[in-house]
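Visitor: In order, the protein sequence lines correspond to chains Z and F. Per this note's numbering, residue 1 is the first one in the first sequence, and the count goes up by one each step. Per this note's numbering, residue 342 is the first one in the second sequence, and the count goes up by one each step. All C-beta atoms, glycine included, are put in the ideal place defined by N, C-alpha and C. Keep in mind that this is a model prediction, so the values were computed, not measured.
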Amino acid sequence: MLLKRLTEATGPSGFEDEIRQVIYEEIRDHVDRVYTDSMGNLIAEKDGTGLGPKVMLCAHMDEVSLMISYIEEDGLLRFRHIGGIDDRVLLAKPVLIGEGRIPGVIGSLPAHLTSSSDREKPVPLDRLRIDIGASTREEALALVCPGDWAVFATQYEPFGQGLAKSKSFDDRVGCAVLVEACKQEYQMPVVFAFTVQEEIGLRGAAPVAYRVKPDLALVLEGTLASDIPGTVVHAQATALGQGPALSLVDSSSIHSRKLRHHLIEVAQAQNIPYQVRNTTAGGNDAGRIHTVHEGVMTCTMSVPCRYIHAPSQVISLDDYNNTVRLTVEFLRSVERGGLER
Amino acid sequence: MKDLLIKLAEACGPTGVEDNVRDLLQALVTPHADDVRVDVLGNLLVTKKGKGAARKHLLLVAHMDEPGLMVNHIEANGFLRLAPVGTYETLSPAYLVGQRIEFPNGTKGVIGTSAKDPGDVTVVSLFADIGATSREEVLARVQEGDFCALHLGAFAVNEHRVVGKAIERSAICAAALEALKQLGEQEHDVTVAFTVQQAVGGRGAKPAAFGVEADFALVLDAVTAGDTLAASRSEIRIGAGPAIKLLDKVTAVRPQVKHFLIDEAEAAGVAYQLDVGLERSSEAGLLFAHASGLLAGALSVPVRYSASASELVDVRDIEATVALTVRAIHSFAL
Numbered sequence: 001m002l003l004k005r006l007t008e009a010t011g012p013s014g015f016e017d018e019i020r021q022v023i024y025e026e027i028r029d030h031v032d033r034v035y036t037d038s039m040g041n042l043i044a045e046k047d048g049t050g051l052g053p054k055v056m057l058c059a060h061m062d063e064v065s066l067m068i069s070y071i072e073e074d075g076l077l078r079f080r081h082i083g084g085i086d087d088r089v090l091l092a093k094p095v096l097i098g099e100g101r102i103p104g105v106i107g108s109l110p111a112h113l114t115s116s117s118d119r120e121k122p123v124p125l126d127r128l129r130i131d132i133g134a135s136t137r138e139e140a141l142a143l144v145c146p147g148d149w150a151v152f153a154t155q156y157e158p159f160g161q162g163l164a165k166s167k168s169f170d171d172r173v174g175c176a177v178l179v180e181a182c183k184q185e186y187q188m189p190v191v192f193a194f195t196v197q198e199e200i201g202l203r204g205a206a207p208v209a210y211r212v213k214p215d216l217a218l219v220l221e222g223t224l225a226s227d228i229p230g231t232v233v234h235a236q237a238t239a240l241g242q243g244p245a246l247s248l249v250d251s252s253s254i255h256s257r258k259l260r261h262h263l264i265e266v267a268q269a270q271n272i273p274y275q276v277r278n279t280t281a282g283g284n285d286a287g288r289i290h291t292v293h294e295g296v297m298t299c300t301m302s303v304p305c306r307y308i309h310a311p312s313q314v315i316s317l318d319d320y321n322n323t324v325r326l327t328v329e330f331l332r333s334v335e336r337g338g339l340e341r
Numbered sequence: 342m343k344d345l346l347i348k349l350a351e352a353c354g355p356t357g358v359e360d361n362v363r364d365l366l367q368a369l370v371t372p373h374a375d376d377v378r379v380d381v382l383g384n385l386l387v388t389k390k391g392k393g394a395a396r397k398h399l400l401l402v403a404h405m406d407e408p409g410l411m412v413n414h415i416e417a418n419g420f421l422r423l424a425p426v427g428t429y430e431t432l433s434p435a436y437l438v439g440q441r442i443e444f445p446n447g448t449k450g451v452i453g454t455s456a457k458d459p460g461d462v463t464v465v466s467l468f469a470d471i472g473a474t475s476r477e478e479v480l481a482r483v484q485e486g487d488f489c490a491l492h493l494g495a496f497a498v499n500e501h502r503v504v505g506k507a508i509e510r511s512a513i514c515a516a517a518l519e520a521l522k523q524l525g526e527q528e529h530d531v532t533v534a535f536t537v538q539q540a541v542g543g544r545g546a547k548p549a550a551f552g553v554e555a556d557f558a559l560v561l562d563a564v565t566a567g568d569t570l571a572a573s574r575s576e577i578r579i580g581a582g583p584a585i586k587l588l589d590k591v592t593a594v595r596p597q598v599k600h601f602l603i604d605e606a607e608a609a610g611v612a613y614q615l616d617v618g619l620e621r622s623s624e625a626g627l628l629f630a631h632a633s634g635l636l637a638g639a640l641s642v643p644v645r646y647s648a649s650a651s652e653l654v655d656v657r658d659i660e661a662t663v664a665l666t667v668r669a670i671h672s673f674a675l
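Encoded structure:
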């Protein structure tokens, strides 16, 4: 199952080797050319059979994760974040360390040993440790070493009414949309860009966009959904089950209005549900892509994702399927000359 | 000049949707240009060819946008929810309550809040009223993702000084436009880039410069004046001439550029000040480090009450900026 393979593969920012190989194997039979650039971005090209604007679809391969920074005398591991993680979600979570997938648990004190004032605030990062079952530094060093990364141990699993959880829907769900779109044939050139290091500063996307020089770009993301009790509708960003979310503005881009309106027209014509992402928080690769060369018309479409940047991220599989549909129908529409640029 | 300033200030050009300002400028520059085009992001690129044999290409940058507010949600009963974009993000949301807004399509409205006390006003508590009574009625005029700007008249407070919203972009664009008109025949090729999206981090500047491949960029910018009753460590005064940028958050201007601009100001008898401020970013810094690098300097027009609904400039500063810009273009030899 594609979502399972993609979300369970490891790929901390800067260490995307495993996920890149997984994606490569998924797409290599469907593209004219596929290669990796010096940063580690995976770029797949389909030449198409006719003329047309060159479209780039983009999703980032990396996931928020942890890095081991120091090994204590007692065998416990200190660690830092790779990408933005709220410390409140770390406590008592299982992790997997490095290519060897050494299991570990982020430790916690039992409640009766904490003071009531301590329990009122999150445990700060400098008091958290990963326990890999070692009792000395030497024992720990036989398994891990400072600089090794760790990912959350969550497995992909469908649950509830058409929902699924995983450790990395941000942005493996975007990668999955690209993989599915890649299996279709198009008349115009389409480039599928799987980028690195998005979570630590959108670092992979600009070099890809400079190389590809697209006429227009669509970024596929997993994005914030705060449709949980206590959040007013206009602060929810997105809600699960209401279809792919089209970005308006975020901290890195004012997304192309023309492209968004075109996506809306396609969605309406094909009877695909959609929503708009109503927060200005967050940022993604679109911020780097739209300012390369003399500017690129760029928009973002996302699968809404609850508990993003946390160990168990949750999406609606209907939203995912509708995002694949809208992406392919969008390409079909551009192919037919439906987008006036 | 005052009339032009007022016209530009009253135009509705929130960041990312500068079309109304661009249309206004495009009509005014066309008689003075050899080539006028609009790029993908909406930058207006105006080129006037030089006559010199060994001519260079000089880029004059002036941003067209003002901070804005985006509609992020439309309620069933016709009220709009808003999110500040650009420099209004740093304003206390309470400041926006009671302000009037305008959309580029002419739709107007007023901002209210559900908070009872000014201290409790958050962005989430803000709403706008455009007179609609249902979501459907709103959608005929305004969509989610549309931008509006504050809607306030501009006026001269005396012979030299003008107050208005978006006076910063108005002063900068007026200076660039006037410089282009006054150029006459010049040796170097000149492209004036009226840029978009300055308020969200100068996102228009690099794409604007990319195709021009200029040898030098002169950015027209604004600087907050420190000559009011507000406590401020800035020595910048209005009416004392353009401030030659030396240092900001994103650039240290190269000494040869600084000396060139100072020498030209002194030779022309133009009063000038020096702009050293680490609070502000600039398009000059972005261009300096752009592509293979671009020599860049900046002249900042002093503005009081910067990024507020009522900014104040002195027209003499704009005229002095024009004089120095025209002279720098004619005698450029770096």
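Please confirm whether F/L382 has its beta-carbon closer than 8 Å to some beta-carbon of chain Z.
Guide: It does; some Cβ of chain Z falls within 8 Å.
Visitor: Do the stretch 322-332 of chain Z and the stretch 84-95 of chain Z meet, that is, are 3 or more Cβ pairs less than 8 Å apart?
Guide: Contact fails: fewer than three Cβ-Cβ distances are below 8 Å.
Visitor: On the criterion of 16 or more Cβ atoms from any shown chain inside 10 Å, does Z/S247 qualify as buried, or is it exposed?
Guide: By the 10 Å Cβ count, Z/S247 comes out buried.
Visitor: Tell me, please, which residues DSSP counts as bridged to Z/D131.
Guide: Z/D131 pairs with Z/V105.
Visitor: Roughly how many angstroms lie between the CA atoms of Z/S252 and F/G610, to the nearest whole one?
Guide: Going by the C-alpha atoms only, they are around 43 Å apart.
Visitor: Grouping DSSP H, G and I as helix and E and B as strand, with all else coil, what is Z/T327?
Guide: Correct three-state label for Z/T327: helix.
Visitor: Note down, in chain order, every chain Z residue with its Cβ under 7 Å from the Cβ of F/F551.
Guide: The answer, in chain order, is H293 and E294.
Visitor: DSSP three-state call for Z/A140: helix, strand or coil?
Guide: Note: Z/A140 maps to helix in three-state DSSP.
Visitor: Out of F/A435, F/K547, F/L400 and F/A648, point me to the one whose CA is closest to F/G391's CA.
Guide: The option with the nearest alpha carbon to F/G391 is F/L400.
Visitor: Given 8 Å as the limit, is there contact between the stretch 638-651 of chain F and the stretch 493-509 of chain F, that is, 3 or more CB pairs closer than that?
Guide: With the cut-off at 8 Å, the stretch 638-651 of chain F and the stretch 493-509 of chain F touch.
Visitor: What ranges does the beta strand (DSSP E) occupy inside the stretch 549-604 of chain F, keeping only unbroken runs of at least 3 residues that lie completely in it?
Guide: If we require 3 residues or more, the beta strand (DSSP E) runs fully inside the stretch 549-604 of chain F come out as 557-565 and 584-588.
Visitor: My assumption, with CB atoms under 8 Å, is that Z/T300 sits in contact with F/V426. Please give the rounded CB distance.
Guide: Not a contact, Cβ separation roughly 16 Å.
Visitor: So, using beta-carbon positions, are F/D380 and Z/G295 closer together than 8 Å?
Guide: The answer is yes: Cβ separation under 8 Å.
Visitor: Give me the residue from Z/L125, Z/I106 and Z/I315 with the minimum Cα distance to Z/Q242.
Guide: Nearest C-alpha to Z/Q242: Z/I315.
Visitor: Evaluate the contact criterion for the stretch 353-365 of chain F versus the stretch 68-84 of chain Z: three or more CB pairs, one atom per stretch, below 8 Å.
Guide: In short, these stretches do not touch, since the Cβ pair count stays below three.
Visitor: Using alpha carbons as the reference points, say which of F/L675, F/L385 and F/A550 lies closest to F/E605.
Guide: That would be F/L675, whose Cα lies nearest to the Cα of F/E605.
Visitor: What is the rounded straight-line gap between the Cα of F/Q539 and the Cα of F/P445?
Guide: For F/Q539 and F/P445, the distance between alpha carbons rounds to 18 Å.
Visitor: Would you report the Cα separation of F/A490 and F/L410, rounded to the nearest angstrom?
Guide: Each residue's Cα considered, the two are about 6 Å apart.
Visitor: Determine the chain F residues that contact Z/R257 at a beta-carbon separation under 7 Å, and present them in chain order.
Guide: Those are G486, listed as they occur along chain F.
Visitor: Looking at C-alpha atoms only, which residue of F/G419, F/D655, F/V362 and F/I670 is the closest neighbour of F/T532?
Guide: It is F/I670 whose Cα lies nearest to the Cα of F/T532.
Visitor: Could you check whether Z/K46 and Z/V177 sit closer than 8 Å to each other, using their CB atoms as the reference points?
Guide: The answer is no: Cβ separation not under 8 Å.
Visitor: On the three-state DSSP scale, how would you describe F/H404?
Guide: In the structure shown, F/H404 sits in a strand (DSSP, three-state: E or B).
Visitor: Contact defined as beta carbons within less than 8 Å: I believe F/L521 pairs with F/H373. What is the distance between those atoms, to the nearest angstrom?
Guide: Going by Cβ atoms, the distance from F/L521 to F/H373 rounds to 5 Å, so yes, they are a contact pair.
Visitor: For Z/Y35 and F/N413, what's the separation of their Cα atoms in angstroms?
Guide: Roughly 39 Å separates the two Cα atoms.
Visitor: Closer than 7 Å, Cβ to Cβ, to anything on chain Z: give me those residues from the stretch 388-418 of chain F, in chain order.
Guide: Of all residues in the stretch 388-418 of chain F, M411, N413 and H414 have a Cβ within less than 7 Å of some Cβ in chain Z.
Visitor: Can you tell me whether DSSP reads Z/D118 as helix, strand or coil?
Guide: Three-state DSSP puts Z/D118 in a helix.
Visitor: Rounded C-beta distance between Z/H60 and Z/D171? I'm assuming under 8 Å.
Guide: Yes, Z/H60 and Z/D171 are in contact; Cβ-Cβ is about 5 Å, under 8 Å.
Visitor: Rounded to a whole number of angstroms, what is the C-alpha to C-alpha distance between F/R510 and F/L561?
Guide: The straight-line gap from Cα to Cα measures roughly 9 Å.
Visitor: Against chain Z, with Cβ distances strictly below 8 Å, would F/K547 count as a contact?
Guide: For F/K547, the answer is yes, since a Cβ of chain Z falls inside 8 Å of its Cβ.
Visitor: Is the separation between the beta-carbon of F/V617 and that of F/L587 shorter than 8 Å?
Guide: Cβ atoms of F/V617 and F/L587: closer than 8 Å.
Visitor: Using a Cβ cut-off of 7 Å, pull out every chain Z residue sitting near F/V541, in sequence order please.
Guide: Neighbours of F/V541 on chain Z, chain order: I254.
Visitor: Could you name the residues of the same chain whose beta carbon sits closer than 7 Å to that of Z/V179, not counting the 5 residues immediately before and after it, in chain order?
Guide: Contacts found: L2, I23, E26 and I27.
Visitor: Taking C-beta pairs closer than 8 Å, name the residues in chain F that Z/A235 reaches, listed in chain order.
Guide: Near Z/A235 (Cβ distances below 8 Å), the residues of chain F are V465.
Visitor: Along chain F, which residues have their Cβ under 7 Å away from the Cβ of Z/L248?
Guide: The answer, in chain order, is M411, N413, E485 and G486.
Visitor: Mind reading off the beta-carbon distance from F/L365 to F/L385? Whole number of angstroms is fine, and I expect it under 8 Å.
Guide: That pair is no contact at about 10 Å.
Visitor: Candidates Z/A239, Z/V266 and Z/D215: which alpha carbon is nearest Z/L57's?
Guide: Of Z/A239, Z/V266 and Z/D215, the residue nearest in Cα terms is Z/D215.
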